[in-house]
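Residue numbers (our numbering): 335 to 629.
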Amino acid sequence: MGACQWERTLPALSCDFNARFLAHLNGLGLDACTPRILTGGRSNHVWRMGPLVVKLYLQDGNNPLFANDPECEMAVLRTLDHTGMVPHLVRAGCFEGHHWLAYSHLEGGPWQDGTAAVALLLGRLHAQPVLAGLPEGANGSAMLGAQAEDILARCQAGADLRPLRPVGDVPPTPDKSLIHGDPVPGNLVAHRGRLTLIDWQCPKMGDPAEDLALFLSPAMQVLYRGAPLSRDEAESFLAAYPNRPVVARVQALLPWFHWRMAAYCLWQAEQGGSQDREAMRLELAALQSISPSMA
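Next up, the structure:
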């Protein structure tokens with residue numbers, strides 16, 4: 335897990351639960367004697383336990399944009415194990431109603447620079463065979479707009495962003511692929527000269543442009559890396575991505591992706607996120623730079 339700029343807002347686990355869970359892992363032959371909490375996400379509890387990372391899923395289906403599905407994560411880790419794009423899944427199970435999994439720890443840190451390498455990794459991912467059973471991603475401007483409207487309906491100040499809805503129509507693509515669904519800097523681990531994608535709890539069969547837009551998102555970059563991508567970094571990323579029609583597609587859909595992310599940041603801000611309002615302003619500024627009349 336990478337260091338995240340968001341404050342950690344996960345509910346605390348009781349000492350008794352922790353002790354029972356660690357005893358359960360030890361009983362399975364996993365070395366859980368010296369766990370160290372890893373920070374970086376809002377969805378689940380994660381520990382470093384010797385050569386392993388152990389993730390305990392919390393049962394919270396409230397997030398309107400990023401799912402938290404252990405079955406999907408396990409399916410992807412098993413399917414892509416041979417590719418080197420994911421960590422090696424060691425064990426998975428359920429304890430007192432909570433799913434958990436253990437995978438090999440990667441010696442390294444969160445991605446910081448070199449956008450071309452990220453583009454090539456995502457290009458490899460999007461060329462993988464179709465994986466059955468995953469949810470469908472938002473595909474086309476109509477679906478992105480509906481998703482943003484759903485998020486704004488959950489916000490007290492949702493009416494402030496509705497007039498900024500982009501205009502026009504970008505139809506769905508029939509060329510869907512396996513997408514990560516959250517390829518932000520904290521979910522990209524740089525180690526031994528390569529990049530690996532972690533935190534696969536929201537993969538989809540969808541438009542690969544969604545992964546590109548999430549990586550380009552100024553909100554996601556500032557919250558996980560501390561700064562948005564520079565113009566040169568963004569251009570290098572798009573130039574290195576191997577599928578040119580997808581690049582053209584993400585450029586056409588960027589107003590919709592910025593509007594949806596602004597809605598999501600507003601929702602997070604109203605949940606108590608101290609930096610999400612600034613992240614929202616970055617998304618709205620990016621939207622305005624593309625469609626000055628809309629923001």
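Backbone N, C-alpha and C define an ideal beta-carbon position, used for all residues, glycine too.
Coarse secondary structure for residue i, derived from DSSP in three states
i, result
"Y598", "helix"
"V584", "helix"
"R342", "Low local confidence applies: a pLDDT of 40 at R342 is under 50, so the model's placement there is unreliable, and no value is given."
"F400", "coil"
"A436", "strand"
"I513", "strand"
"Q622", "helix"
"L531", "strand"
"W445", "coil"
"N521", "helix"
"V504", "coil"
"M335", "Note that M335 scores a pLDDT of 34, beneath 50, so its modelled location is shaky and nothing firm can be said."
"C428", "strand"
"H592", "helix"
"G457", "helix"
"L548", "helix"
"L423", "strand"
"A629", "Confidence in A629 is poor, its pLDDT being 46 and thus under 50, which makes the residue's placement unreliable; the coordinate value appears in the next sentence. Three-state result, A629: coil."
"S570", "helix"
"D365", "coil"
"P562", "coil"
Contact under 8 Å by Cβ, residue i with residue j
i, j, result
"P576", "P519", "no"
"V438", "P404", "It should be pointed out that residue 438 corresponds to Ser in this sequence rather than to Val. No, Cβ-Cβ distance for S438 and P404 is not below 8 Å."
"P542", "V580", "yes"
"G502", "S475", "yes"
"A451", "L512", "no"
"E617", "P517", "no"
"P345", "L356", "no"
"A597", "L486", "yes"
"L557", "W593", "no"
C-alpha gap between residue i and residue j, whole angstroms
i, j, result
"G540", "V388", "28 Å"
"L587", "L456", "18 Å"
"M383", "L498", "46 Å"
"P589", "E430", "43 Å"
"G419", "A524", "One detail in the question is off: residue 419 reads as Met in this sequence, not Gly. Going by the C-alpha atoms only, they are around 11 Å apart."
"R342", "W601", "Reliability fails at R342, whose pLDDT of 40 lies under 50, so the model's placement of it is uncertain and no value is given."
"G361", "A619", "53 Å"
"D509", "E604", "36 Å"
"A401", "Q535", "6 Å"
"R611", "L468", "32 Å"
"L334", "E407", "No information on residue 334 is available, as it lies outside the stretch 335 to 629 that the chain covers here."
"I624", "F591", "12 Å"
"A482", "M595", "8 Å"
"N352", "L390", "11 Å"
"G527", "E441", "11 Å"
"Q339", "A613", "Interpretation of Q339 is limited by its pLDDT of 36, a score under 50 that renders its predicted location unreliable; the figure taken from the coordinates is listed afterwards. Roughly 11 Å separates the two Cα atoms."
"I532", "L414", "12 Å"
"V424", "T417", "16 Å"
"E544", "L399", "12 Å"
Bounding residues of the alpha helix (DSSP H) (the contiguous stretch that carries residue i)
i, result
"C349", "C349 to G361"
"I485", "S475 to A487"
"M554", "P552 to R559"
Chain D within 8 Å of residue i, Cβ atoms only
i, result
"A409", "You won't find chain D in this structure, because it holds only one protein chain."
In DSSP terms, what residue i is bridged to
i, result
"Y575", "In the DSSP output, where bridge partners are listed per residue, Y575 has none listed."
"M539", "E470 and L512"
Any non-hydrogen atom of the ligand FMN closer than 7 Å to residue i Cβ
i, result
"P552", "As far as ligands go, the structure on display features none, and thus does not contain the ligand FMN."
Bounding residues of the beta strand (DSSP E) (the contiguous stretch that carries residue i)
i, result
"R382", "N378 to M383"
"V387", "L386 to Y391"
"R370", "R370 to L372"
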